[in-house]
Structure formats: C-alpha cells, structure tokens
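Novice: Below is the structure I would like to discuss, written out as structure tokens.
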Amino acid sequence: MKHDLKNKTPDIRFLHDMQEVVYDQGWVKNAENFKAYYMYREFAKKENLKYNITIIPPRMISQEFIKTKGHYHKSGHAEIYIVLEGEAIYLMQKRDKKNPNIILDVFAIKAKKGDIAVIPKHYGHVSINPGNQELKMADWSCDSCESDYSLYVKNQGACYYHTKQGWIKNPKYTKVPELRFEKPVKNLPKNLEDFLCDGK
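Taking the numbering used here, I'd label the letters of the sequence shown as residues 1 to 200.
Written as structure tokens, this is what we have:
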C-alpha cells in the first residue's frame, strides 16, 4: 500500500493533550506545548476494518522517550501495528476486571521497519519512539473499535515508563508484574477481519 500523506490532514496530539500521562509532572507543567505526534485516521478502509497511520518525531519528554497517550479498547478488540519507518517499542498491559489498578500481565515488543506487533484482546497499549529518527507506523483495527484513555489518565500513564535511566515502574498502580519482552512477527493473520473484530 502506498502511503502518500501530502493531501491528508492529520489529527495532532500536542504535549498538553497528554500531560496527565507524563512521568515528569514538574517538567510538563512548564514545558512548551509542542506537537507530540500526528494521526492520520482512516487513511484506508477495507470491509469492516480501518487503517490508520501515526507519525511520532524523535524527542524526549524530559527524561522519558516520546510516546503516545495510551489506551484500552472499549470493546476489547485486538489491534495490529506495522512499523513503516524507524523503530518502535509497543508496551502492552492487561488489567484486572475487578480492580483495574492491578495489572495481570505486561510486556513490550521492540520493532523495526517491516515488523508487526499484535496487541492482544483486552490489552491496553502505548507506542514509544526510542530512536533518533521519525517513527512512522500503520495500524489495522476493527471499524467499531473505540479507544478508552481514562485509566492511563487516572494513573499517570502506563504501568512502566521508558526513560534514559531505563524502565521505571509506575507507583500509581497497586500491583505490576516484572516487564518481559516478546518478539514481533513478520506476517499478518490470514483472516484479518475475523481476528480483529472478534472482541470476546
């Protein structure tokens, strides 16, 4: 698929749009309200699927690597990310249904151009640009999939922060497992619509 964005208008996420999820709260309150990343929503559609493109320029948020705001899916649907340029880290976490401040599982995937990261059903996720070049990524999701940012806002981000000092556990969560790393995949699932639109 060609990715000509010249005539497309992105939604822009500014720093202050996501200031609640930043690790260094003292820094962010006085920081310049810069453009953090660009979202080209529904760049393409296929049956009941939508294809979005996100661009995250390289930058630090104080000591933290630039990232997306982070969200769960209200329907619990899976999602698939494809790195088009640059490198990414996808941080995924699964919350307890009765107490969302308890994280049952957390893992990260390091991905480079051509790699695919699968976000499992019922996992929240944050995309991080840990490199010194622009991260351009695409994602496939079910057309009915809606994002829920509330837990990330309430808990000041994901259960881990990726900083120059390494991974830092977020104390706002009651319980957080040790972070593990999984490998990306190279191929999309055969029946993409069935895989992404089954939210059970």
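For each residue, glycine too, the CB sits at the ideal point set by N, CA and C. Since the structure is predicted, the reported quantities are computational estimates derived from the model, not experimental observations.
Spell out the partners DSSP gives I66 in its beta bridges.
Specialist: Taking the sequence shown and counting its residues from 1, one reaches residue 66 at position 66. None, per the DSSP bridge assignment.
Novice: Quick one: give me the first and last residue of the beta strand (DSSP E) that Q156 is part of.
Specialist: On the sequence shown, position 156 is the one that residue 156 refers to. Neither: Q156 is in no beta strand (DSSP E) and is coded neither H nor E.
Novice: Quick one: measure Cβ to Cβ for M137 and T54, integer angstroms, because I've assumed they're closer than 8 Å.
Specialist: Position 137 of the sequence shown holds residue 137. Position 54 of the sequence shown holds residue 54. Contact holds; Cβ gap of about 5 Å.
Novice: Ignore the nearest five residues each way along the sequence and tell me which others in N33's own chain have a CB closer than 6 Å to its CB.
Specialist: On the sequence shown, residue 33 is found 33 positions in, with the first residue counted as 1. Result list for N33: F14, L15, H16, in chain order.
Novice: Under 8 Å: do the stretch 83-98 and the stretch 185-197 share three or more Cβ pairs, one atom per stretch?
Specialist: At 8 Å Cβ cutoff, the stretches do not touch.
Novice: Count the CB pairs spanning the stretch 54-72 and the stretch 119-132 that are closer than 8 Å, and state whether there are at least three.
Specialist: Yes, they touch.
Novice: Just curious, the alpha helix (DSSP H) that L192 is in, first and last residue?
Specialist: Sequence index remark: in the sequence shown, residue 192 carries index 192 (1-based). Where L192 is concerned, the enclosing alpha helix (DSSP H) stretches over 192-197.
Novice: Kindly indicate which three-state DSSP category D139 falls into: helix, strand or coil?
Specialist: In the sequence shown, the residue the question calls residue 139 occupies position 139. Reduced to three states, the DSSP call for D139 is strand.
Novice: Starting from the Cα of A117, find the closest Cα among Y81, E146, M92, S144 and give me that residue.
Specialist: Taking the first residue of the sequence shown as position 1, residue 117 is located at position 117. For the residues Y81, E146, M92, S144, the minimum Cα distance to A117 belongs to Y81.
Novice: Have a look at P58 and T163 and give me their C-alpha separation to the nearest angstrom.
Specialist: Position 58 of the sequence shown, counted from the first residue, corresponds to residue 58. Position 163 of the sequence shown, counted from the first residue, corresponds to residue 163. Near 14 Å, if we compare the C-alpha coordinates of T163 and P58.
Novice: Please report the Cβ distance between F195 and A78, rounded to the nearest whole angstrom; I am assuming they are in contact, meaning their Cβ atoms lie under 8 Å.
Specialist: If you number the sequence shown from 1, residue 195 lands on position 195. If you number the sequence shown from 1, residue 78 lands on position 78. That belief holds up - the Cβ atoms of F195 and A78 are roughly 6 Å apart, short of 8 Å.
Novice: Give the C-beta separation of Y51 and F43 to the nearest angstrom, bearing in mind that I take them to be a contact with Cβ-Cβ under 8 Å.
Specialist: Sequence index remark: in the sequence shown, residue 51 carries index 51 (1-based). Sequence index remark: in the sequence shown, residue 43 carries index 43 (1-based). That pair is a contact at about 5 Å.
Novice: So the alpha helix (DSSP H) G26 belongs to, where does it begin and stop?
Specialist: Position 26 of the sequence shown, counted from the first residue, corresponds to residue 26. Residues 25-28.
Novice: Would you check if the distance between the CB atom of I103 and the CB atom of Q93 is smaller than 8 Å?
Specialist: Here residue 103 refers to the residue found at position 103 when the sequence shown is read from its first residue. Here residue 93 refers to the residue found at position 93 when the sequence shown is read from its first residue. Yes, the pair counts as a contact, with Cβ atoms nearer than the cut-off.
Novice: In chain order, what are the residue ranges of uninterrupted alpha helix (DSSP H) at least 4 long that sit wholly in the stretch 57-129?
Specialist: The qualifying runs do not exist here; there are none.
Novice: I need the DSSP call for D17, collapsed to helix, strand or coil.
Specialist: As a first step, residue 17 must be located in the sequence shown, where it is residue number 17. Residue state, collapsed to three classes: helix.
Novice: Leaving aside the five residues before and after Y109 along the sequence, list all residues of the same chain whose C-beta is less than 6 Å from its C-beta, in chain order.
Specialist: Working through the sequence shown from its first residue, we reach residue 109 at position 109. Looking at the sequence itself, residue 109 is Ile, so the reference to Tyr does not match. Contacts found: Y90, A117, E182, P184.
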